[in-house]
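Chain order of the listed sequences is A and B. To convert a position in the first sequence, counted from 1, into this note's numbering, add 35. To convert a position in the second sequence, counted from 1, into this note's numbering, add 1152. Backbone N, C-alpha and C define an ideal beta-carbon position, used for all residues, glycine too.
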Amino acid sequence: MPELRSLVTKVRSKNAGPFWLTIDIFCGSQAAYERVRDGLATSRVAEVFGTRRQTIKRFDIPDLQVVKFSLPRPAVQGSLHDRDMHGASWAALLGETVI
Amino acid sequence: MVRVLVPSGALGLNYDETALQRGIAAGPDIIAIDGGSTDSGPAYLGRGVSKYARASVKSEWAGLMAARAQAGVPLVIGTAGTCGADSAVDWMLDITREIAAEQGTPLKIAVLRSGQDPAATAQAWKDGRITPLGNAPDIDADAIADCTNIVALAGAEQITAALETGADIIIAGRTTDTAIIAALPLMRDCHAGGAWHGAKIGECGALCATNPQSGVIMIDFDATGFTVTPLADGAHASPHTVSAHMLYENADPFILFEPGGHLDVTGAVYKAADDTSVRVEGSEWVPADDYTVKLEGTRAVGFRTVTIALLRDPLYVANAAAWADDIIAKCSAKIEARMGLAAEDYTLDLRLVGHSASFGTLETRTGDPFEIGVIAIITAPDAARASEIGKMLNPYLLHHPLTREEEQPTFAFMFSPPEMHHGEVFEFVLNHVLHLKNPMDAFRLEVIDLA
Chain A
36 MPELRSLVTK
46 VRSKNAGPFW
56 LTIDIFCGSQ
66 AAYERVRDGL
76 ATSRVAEVFG
86 TRRQTIKRFD
96 IPDLQVVKFS
106 LPRPAVQGSL
116 HDRDMHGASW
126 AALLGETVI
Chain B
1153 MVRVLVPSGA
1163 LGLNYDETAL
1173 QRGIAAGPDI
1183 IAIDGGSTDS
1193 GPAYLGRGVS
1203 KYARASVKSE
1213 WAGLMAARAQ
1223 AGVPLVIGTA
1233 GTCGADSAVD
1243 WMLDITREIA
1253 AEQGTPLKIA
1263 VLRSGQDPAA
1273 TAQAWKDGRI
1283 TPLGNAPDID
1293 ADAIADCTNI
1303 VALAGAEQIT
1313 AALETGADII
1323 IAGRTTDTAI
1333 IAALPLMRDC
1343 HAGGAWHGAK
1353 IGECGALCAT
1363 NPQSGVIMID
1373 FDATGFTVTP
1383 LADGAHASPH
1393 TVSAHMLYEN
1403 ADPFILFEPG
1413 GHLDVTGAVY
1423 KAADDTSVRV
1433 EGSEWVPADD
1443 YTVKLEGTRA
1453 VGFRTVTIAL
1463 LRDPLYVANA
1473 AAWADDIIAK
1483 CSAKIEARMG
1493 LAAEDYTLDL
1503 RLVGHSASFG
1513 TLETRTGDPF
1523 EIGVIAIITA
1533 PDAARASEIG
1543 KMLNPYLLHH
1553 PLTREEEQPT
1563 FAFMFSPPEM
1573 HHGEVFEFVL
1583 NHVLHLKNPM
1593 DAFRLEVIDL
1603 A
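Here it is, written out as structure tokens:
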């Protein structure tokens, strides 16, 4: 059972404004795209980020071989309990998820 | 056709001089650059100041002002001074005056201010003229009235008003990233979907191409779409780099809300025009019935003191989390007993670098680190008490033992004194829109002639 990051070109996370986090999985090939699209359930992503599946927006984008997730930030950007001002590190947490 | 030259994703990030000159030689109709973003957090809007060094901003802006004079076209900056608050606009205006005096060029400057009076904004909330966006914080009128700064994000309408003054330079407070690029193409009846889509692709400069740090791009807008061309040596745009840019920092890669409507790029077609340029058509602008502008606001939430300690003793590295939990428990009890502060009056957090600092309880990995960084973060109602808590914590970070029996341990500090004082800290309060009858209702336009 491989980690997501070993299957794809890049996993990237960034703020999408102060209240949202967005994570782009660049799969890099049609085979990898299909594997991620079919193998990474939105409910699993919700578990990784400690949130409910209903709060997550998912975009499967075949033209770019990208699977994208957007979710309310685990802590609002720059709030007292935020750990990551630019939302940069969250990609690693998803990238290490086994699928 | 309208040709927009974008020197970089933000003033202060640098741009490629050769590529800029190439852009000027190509005869642009306008030069547009973004001056800010919320991406570096609430402190800048909280304080109304710029993130970038004044010397960097001045140096880059002087280069753009000279290029503007050479091209004889308007130069516009949006979200001046990182946050676009009125004080940041004044800072940018001051820099502009200095450069104008040094360059000896007469100038007409239009200043668009986006700052909102907190009391008036609280009243707008009570009147029902402010509505929440997705994942907006739960607030009330008092939270709005308490804001240190509130800005409204101007759209194309307000930038158009500034351009219609005939100004050489437009210094705008908070705007959407796209408005400064889309405004002129929209004024000249270019394809509306193409104008907004091209603006979105161009707002980060060459981030939509290879060699993203080169900055400079040119966008040609016309009746059916747009063509984007990066101008630095070795920078190429492809249908993939351009379409992938819609993912960047966007919660939704197909829909982008702007004042007065939204952009829908679901039907956009990206084609290579040549080796370096990409042609895009098929994006759609969907006007809204209601004219709204997004609001950003920040309020002060206390004063912060930070201390860093290092654990290198293998016993303490292995038991860092238990050690930190014990310190929190003992120090919190002492803070309550000696300072009369209850848990809800302050925060005391120990983040363990090498253990769980990135994700806290969501961390899934464990490892065998040889050292642990301990970052203590304290927030209190005033600077004096934040400092006092830092001093109360100090003996624990210096000597706290895992067991009573062992010889007293000592841990490493990097500085004397170990406490660092951040001053006042802020949080974002608003993720809302303000409903306007007239687009200029929340904005102020001033024209200044520099002889």
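Under 8 Å Cβ-Cβ, which residues of chain B neighbour lysine 103 of chain A? Counting from 1 along the first sequence, the entry for residue 103 of chain A is found at position 68. Result: Leu1399 and Pro1405.
Burial state of proline 1547 of chain B, where buried means 16 or more other Cβ atoms lie within 10 Å: For the purposes of this step, residue 1547 of chain B is taken as residue 395 along the second sequence, with counting starting at 1. Result: exposed.
For a minimum of 4 consecutive residues, which ranges assigned as the alpha helix (DSSP H) are wholly contained in the stretch 1237-1316 of chain B? 1238-1255, 1270-1278, 1293-1297 and 1308-1315
Per DSSP, glutamate 1576 of chain B is paired with what? Numbered from its first residue, the second sequence carries residue 1576 of chain B at position 424. B/Phe1455.
Per-residue DSSP class, three states only, for asparagine 1546 of chain B: Looking up residue 1546 of chain B in the second sequence gives position 394. In this structure, asparagine 1546 of chain B counts as helix in the three-state DSSP scheme.
So which of B/Leu1602, B/Ala1603 and B/Ala1594 has the shortest CA-CA distance to alanine 1272 of chain B? In the second sequence, the residue the question calls residue 1272 of chain B occupies position 120. The shortest C-alpha separation from alanine 1272 of chain B is found at B/Ala1594.
Cβ closer than 9 Å: which chain A residues qualify as neighbours of serine 1192 of chain B? Taking the first residue of the second sequence as 1, we reach residue 1192 of chain B at position 40. Those within 9 Å of serine 1192 of chain B in chain A are Gly113, Met120 and His121.
Where the alpha helix (DSSP H) through histidine 1349 of chain B begins and ends: Counted from its first residue, the second sequence places residue 1349 of chain B at position 197. Where histidine 1349 of chain B is concerned, the enclosing alpha helix (DSSP H) stretches over 1344-1354.
Beta-carbon separation of isoleucine 1332 of chain B and alanine 1324 of chain B under 9 Å? Counting from one through the second sequence, the residue named residue 1332 of chain B turns up at place 180. Counting from one through the second sequence, the residue named residue 1324 of chain B turns up at place 172. Their beta carbons are under 9 Å apart, which means isoleucine 1332 of chain B touches alanine 1324 of chain B by this criterion.
Where does lysine 103 of chain A fall in DSSP's three states? Locating residue 103 of chain A in the first sequence gives position 68, where the first residue counts as 1. Residue state, collapsed to three classes: strand.
I need the DSSP call for methionine 120 of chain A, collapsed to helix, strand or coil. Indexing the first sequence from 1 puts residue 120 of chain A at position 85. Coil.
By how many angstroms is the C-alpha of alanine 1205 of chain B removed from the C-alpha of histidine 116 of chain A? Position 81 of the first sequence, counted from the first residue, corresponds to residue 116 of chain A. Position 53 of the second sequence, counted from the first residue, corresponds to residue 1205 of chain B. The straight-line gap from Cα to Cα measures roughly 28 Å.
Partner residues on chain B for proline 37 of chain A, Cβ-Cβ distance less than 7 Å: By one-based count along the first sequence, residue 37 of chain A stands at place 2. Near proline 37 of chain A there are no residues of chain B at all, since even the closest Cβ is about 15 Å away, more than 7 Å.
Helix, strand or coil, according to DSSP, for aspartate 1497 of chain B in the structure here? In the second sequence, the residue the question calls residue 1497 of chain B occupies position 345. If DSSP states are grouped into helix, strand and coil, aspartate 1497 of chain B belongs with the helices.
Smallest Cα separation from glycine 1188 of chain B: which of B/Gly1200, B/Thr1257 and B/Ala1221? Taking the second sequence and counting its residues from 1, one reaches residue 1188 of chain B at position 36. Selected option, being the one with the closest Cα: B/Gly1200.
Cβ shell of valine 1458 of chain B (< 6 Å), same chain only, five flanking positions each side left out: Position 306 of the second sequence holds residue 1458 of chain B. Cβ within range, chain order: Ile1529 and Met1572.
Between the beta-carbon of aspartate 1372 of chain B and the beta-carbon of threonine 1379 of chain B, is there less than 9 Å? Locating residue 1372 of chain B in the second sequence gives position 220, where the first residue counts as 1. Locating residue 1379 of chain B in the second sequence gives position 227, where the first residue counts as 1. The answer is yes: Cβ separation under 9 Å.
Mind checking whether valine 1430 of chain B and threonine 1393 of chain B have CB atoms under 9 Å apart? Sequence index remark: in the second sequence, residue 1430 of chain B carries index 278 (1-based). Sequence index remark: in the second sequence, residue 1393 of chain B carries index 241 (1-based). Yes, they are a contact pair.
Do you know offhand how far proline 1466 of chain B's Cα is from leucine 1545 of chain B's? Numbered from its first residue, the second sequence carries residue 1466 of chain B at position 314. Numbered from its first residue, the second sequence carries residue 1545 of chain B at position 393. When rounded, the distance between both Cα atoms is 22 Å.
Applying the 10 Å Cβ sphere with the 16-neighbour rule, what's the burial state of serine 78 of chain A? Your numbering for residue 78 of chain A matches position 43 in the first sequence. Answer is exposed; the Cβ neighbour count stays below 16.
Would you call the CB atoms of glutamate 1448 of chain B and leucine 1305 of chain B closer than 9 Å? Sequence index remark: in the second sequence, residue 1448 of chain B carries index 296 (1-based). Sequence index remark: in the second sequence, residue 1305 of chain B carries index 153 (1-based). Yes. Within cutoff.
In whole angstroms, give me the CA-to-CA distance for aspartate 1478 of chain B and lysine 1486 of chain B. As a first step, residue 1478 of chain B is located in the second sequence; it is residue number 326 there, counting from the start. As a first step, residue 1486 of chain B is located in the second sequence; it is residue number 334 there, counting from the start. Going from the Cα of aspartate 1478 of chain B to the Cα of lysine 1486 of chain B covers about 12 Å.
What residue range is occupied by the uninterrupted beta strand (DSSP E) comprising serine 1395 of chain B? Here the question's residue 1395 of chain B lines up with position 243 in the second sequence. Premise fails: serine 1395 of chain B lies in the alpha helix (DSSP H), 1391-1396, not in any beta strand (DSSP E).
Spatial neighbours of isoleucine 1322 of chain B within its chain, please: CB distance less than 6 Å, with the 5 preceding and 5 following residues excluded, ordered by chain position. Counting from 1 along the second sequence, the entry for residue 1322 of chain B is found at position 170. Same-chain partners within the cutoff: Val1228, Ala1262 and Ala1314.
Whole-angstrom distance between serine 1510 of chain B and cysteine 1299 of chain B, CA atom to CA atom: Along the second sequence, one-based indexing puts residue 1299 of chain B at 147. Along the second sequence, one-based indexing puts residue 1510 of chain B at 358. Answer to the nearest angstrom: the Cα atoms are 29 Å apart.
If contact is defined by three or more beta carbon pairs under 8 Å, each pair taking one atom from either stretch, is the stretch 1287-1298 of chain B in contact with the stretch 1241-1261 of chain B? no
Let's test the definition: count the other Cβ atoms within 10 Å of the Cβ of proline 1284 of chain B and tell me whether it reaches 16, buried, or not, exposed. Against the second sequence, residue 1284 of chain B aligns to sequence position 132. It counts as exposed.
Closer than 8 Å at the beta carbon, the chain B residues around aspartate 98 of chain A: For the purposes of this step, residue 98 of chain A is taken as the residue at position 63 of the first sequence. Within 8 Å Cβ-Cβ: Ser1395.
Below 8 Å on the Cβ atoms is my contact criterion, and I expect phenylalanine 1580 of chain B with alanine 1461 of chain B to pass it. Report the Cβ-Cβ distance as a whole number of Å. Along the second sequence, one-based indexing puts residue 1580 of chain B at 428. Along the second sequence, one-based indexing puts residue 1461 of chain B at 309. Contact flag wrong, Cβ pair sits at about 30 Å.
Going by CA-CA distance only, name the one from B/Phe1578, B/Leu1550 and B/Thr1555 that's closest to proline 1569 of chain B. Along the second sequence, read from residue 1 onward, the residue named residue 1569 of chain B stands at position 417. Cα-wise, what sits closest to proline 1569 of chain B is B/Leu1550.
Beta-carbon of threonine 57 of chain A versus every beta-carbon of chain B: anything under 9 Å? In the first sequence, the residue the question calls residue 57 of chain A occupies position 22. Yes, its Cβ sits closer than 9 Å to a Cβ of chain B.
For leucine 1514 of chain B and leucine 129 of chain A, the rounded distance between their alpha carbons: Residue numbering aside, residue 129 of chain A sits at position 94 when the first sequence is read from its first letter. Residue numbering aside, residue 1514 of chain B sits at position 362 when the second sequence is read from its first letter. When rounded, the distance between both Cα atoms is 11 Å.
Quick one: which chain A residues come within Cβ less than 8 Å of leucine 1514 of chain B? In the second sequence, the residue the question calls residue 1514 of chain B occupies position 362. The answer, in chain order, is Val83, Phe84, Gly85, Pro109 and Leu128.
Are any of the Cβ atoms in chain A nearer than 9 Å to that of valine 1453 of chain B? In the second sequence, residue 1453 of chain B corresponds to position 301, counting from 1. Taking Cβ atoms only, chain A reaches closer than 9 Å to valine 1453 of chain B, which makes this a yes.
Could you name the residues of the stretch 1282-1305 of chain B whose beta carbon sits closer than 9 Å to any beta carbon of chain A, in the order they occur along the chain? Leu1285, Gly1286, Asn1287, Ala1288 and Pro1289
Status (buried if at least 16 other CB within 10 Å, exposed otherwise) for aspartate 1341 of chain B: Reading the second sequence from its first residue, position 189 is the one you call residue 1341 of chain B. Burial call: exposed.
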